[in-house]
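Written out below as structure tokens is the structure these notes cover.
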């Protein structure tokens with residue numbers, strides 16, 4: 032039987048010890064000392080956002096990354112509240128892929144990984160302004176719509192797609208993407224990935240899809256159904272916390 036870890040569940044990313052950056056159809060900043068909420072969108076007079084539709088947030092080492100539906104990626108320096116925008120430019124092949132940003136992950140070496148709709152997986156290394164694009168055409172990525180990203184304890188980035196299941200990439204070998212192959216009974220149930228979360232207690236990855244909740248045992252390299260009726264968790268599972 033799997034043991035469930037206890038954790039704090041939050042739908043927000045912390046900017047400092049007194050301010051929280053909230054995820055919504057636009058964005059809001061909540062000051063927990065004053066109890067005030069300030070809405071932040073494209074109409075904001077100072078530092079307006081590039082899009083009012085925010086899909087994802089990622090916070091690491093005091094840096095906030097904001098993924099939007101129509102405005103690419105926004106890099107937020109919390110202390111100065113300075114915004115840096117990464118938008119698609121048709122004239123610049125090194126710009127971020129077009130369309131919505133679904134998922135982000137910042138690796139230990141500072142590389143930002145970005146999952147997009149029909150634009151594949153993008154990578155931005157520290158000090159560079161050019162994105163590297165990994166797609167079905169030039170890598171083992173199974174589908175160009177990347178819906179979710181998460182890392183395990185083996186320096187691997189797990190990639191969930193919306194249409195062809197999951198893949199795994201060693202972060203020490205960028206671009207070497209290997210589709211996750213499991214038994215035929217479950218393979219079709221993983222096609223539409225909505226959520227990923229590494230579980231350090233059970234040493235495995237929780238997989239949330241449009242067809243249920245599953246668990247991949249890292250030691251046995253086997254997908255299991257973690258509880259009775261797990262396939263009855265219907266609809267797109269949008270987030271998981273372990």
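Numbering (the numbering used here), first residue to last: 32 to 273.
All residues carry an ideal CB built from backbone N, CA and C; glycine is no exception.
Remember, it's a predicted structure, so these values are computed and weren't measured experimentally.
Asked                                                                                                                                  : Found
Which listed residue (171, 195, 256, 96) has its alpha carbon closest to that of residue 204                                           : 171
Test item: CB-CB of residue 262 and residue 220 under 8 Å                                                                              : yes
Alpha-carbon to alpha-carbon, residue 272 and residue 64                                                                               : 26 Å
Exposure label - residue 178; buried when at least 16 CB within 10 Å                                                                   : buried
Other residues of its chain near residue 246: CB distance less than 6 Å, five sequence neighbours each side excluded                   : 235, 237, 255, 257
Residue 54, DSSP secondary structure in three states                                                                                   : Residue confidence for residue 54 is low, a pLDDT of 49 falling below 50, so the modelled location carries little weight and cannot support an answer.
Residue 129 at chain B interface by Cβ criterion, 8 Å                                                                                  : You won't find chain B in this structure, because it holds only one protein chain.
Cβ pair count under 8 Å reaching 3, the region 124 to 139 against the region 148 to 156                                                : yes
Residue(s) in a DSSP beta bridge with residue 268                                                                                      : In the DSSP output, where bridge partners are listed per residue, residue 268 has none listed.
Opposing strand residues paired with residue 153 [DSSP bridges]                                                                        : 145, 164
CB of residue 274 within 8 Å of CB of residue 187, strictly                                                                            : Nothing about residue 274 can be reported from this structure: the residues present for the chain run from 32 to 273 only.
Residue 226 beta carbon less than 8 Å from that of residue 243                                                                         : no
Endpoints, alpha helix (DSSP H) assigned at residue 13                                                                                 : Any question about residue 13 goes unanswered here, given that the chain covers just 32 to 273.
Residue 115 - partner residues in DSSP beta bridges                                                                                    : 106
Whole-angstrom C-beta distance between residue 89 and residue 135, which should lie under 8 Å                                          : 4 Å
Contacts around residue 267, its chain only, beta-carbon distance under 6 Å, and the 5 residues preceding and following it disregarded : 225, 241
Beta-carbon spacing of residue 143, residue 96 below 8 Å                                                                               : yes
Residue 99 versus residue 85 - alpha carbon distance                                                                                   : 4 Å
Given residue 159 as reference, the closest of 125, 92, 209 once Cα atoms are compared                                                 : 125
Contacts around residue 27, its chain only, beta-carbon distance under 6 Å, and the 5 residues preceding and following it disregarded  : The structure shown has nothing for residue 27, since the chain only spans 32 to 273.
Cβ neighbour criterion (16 or more within 10 Å) applied to residue 230                                                                 : buried
Alpha-carbon spacing of residue 122 relative to residue 94, whole angstroms                                                            : 29 Å
Among 115, 113, 119, 106, the one whose alpha carbon lies nearest that of residue 137                                                  : 106
In chain order, each alpha helix (DSSP H) run of at least 4 residues that lies wholly inside the region 161 to 230                     : 215 to 218
Cβ-based burial, residue 146 [other Cβ within 10 Å; buried from 16]                                                                    : buried
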